[in-house]
Every structure is written in structure tokens, then in C-alpha cells.
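First the structure, in the form of C-alpha cells, and then the observations on it.
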Amino acid sequence: MCTEICNALSTRDIVVTQEFVDYADAEFAKGYSSRKNCDYLLLEFHLLKNKLVNKPKSWRHDFIIGENYIDAKWIKSRFLNTNQKKVDQFKDSVIMGELTHFLFYALPEDYGYDSEIYKPGQVIQHTFLDFVNARTVLSNLNESNTSGFYYRVR
């Protein structure tokens, strides 16, 4: 399924624009834990701006493609790490019909984490790892040794 959806997205290399930087700065001002975390909004910003996907109907997903309500998840490794609060939100979203799939992706700096924020003109390569039904993810969560849960992405 990832091939079909990922091909539909058609782009993996995204140029950072001043408009995105301004957007990320504004999102950070709303309460994100770090400005760098706002850089990971680039994919959804780009897809929505260029009308490659449909706008979300609520905060419970990032965008819509056909009948798929998708939450794009940037992950540093092959694992989605999450906490009980987020798991409960995901479950509620699935029950409400507002979350059907997760799109997992990585960025080139993920294995040599780069803490500098994106600058206009940079080209950021996105690697789509998997497109998974949200129910599958939730039913395959494992309890972590620290606290919370993890899902291993293929």
C-alpha cells in the first residue's frame, strides 16, 4: 500500500521556502517543545500548499487522500515511540473515523541528527518508510522498557 500512496504524493525532495519558515515559527509560538520539531511539518505543509492532498477535517489527522485520513509521522529510527495519552487519542480518532492510516517517513539527517533549523533554499529529502492502517499500528504496539509504547515500522 505504501507504494500506491507514496507514489501518489509524487515528491520526496522538498525545497524549504520563506513561507514555510514563517509558518514553522508561528507554529512554534503556539507551544511546540522546540523550533526544530516544527521543521517536521514541512511534508504536510508542502502537500497541502500544493494541493497534492486534501485538507484535514480536524486535528486528528494531517491530510486526506481519497478515503484515507492520514497522520504523517516522522521517525528517527524504525520505531514510532508514543505515550499513553497519544495512544488514547489515536484510538479515539480511529473510532470517530478520523484516522485510518499512518504514513511513516524519515529524513537524511535522521541517522546523524541535525539540530539546525531549516533555512529557505534547502532541499530536504523525505524517505517514505511505510503506509500502515491505524488499527494495525494500534493492535501491534509494544510496551517499552522506559515508559510508553512503540511500534516497529518495516
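In my numbering, the protein residues as written are 5 to 158.
All C-beta atoms in this analysis are idealised placements derived from N, C-alpha and C, irrespective of residue type, glycine included.
- Cβ neighbours of LEU47 within its own chain (closer than 8 Å, five residues either side excluded): ILE18, ALA76, TRP78, TYR109, HIS130.
- Per DSSP, reduced to three states, the secondary structure at LYS77 is strand.
- Assigned with DSSP and collapsed to three states, VAL136 falls in strand.
- Under the three-state reduction of DSSP output, LEU51 falls in the helix class.
- Nearest to ASP29 by alpha-carbon distance, out of LYS95, ARG16, TYR122, is TYR122.
- Burial is judged here by how many other beta carbons sit within 10 angstroms of a residue's own beta carbon; ALA33 has fewer than 16 and is exposed.
- For ASN137 and HIS105, the gap between their C-alpha atoms comes out near 4 Å.
- The beta carbons of ILE128 and LEU107 sit no closer together than 8 Å.
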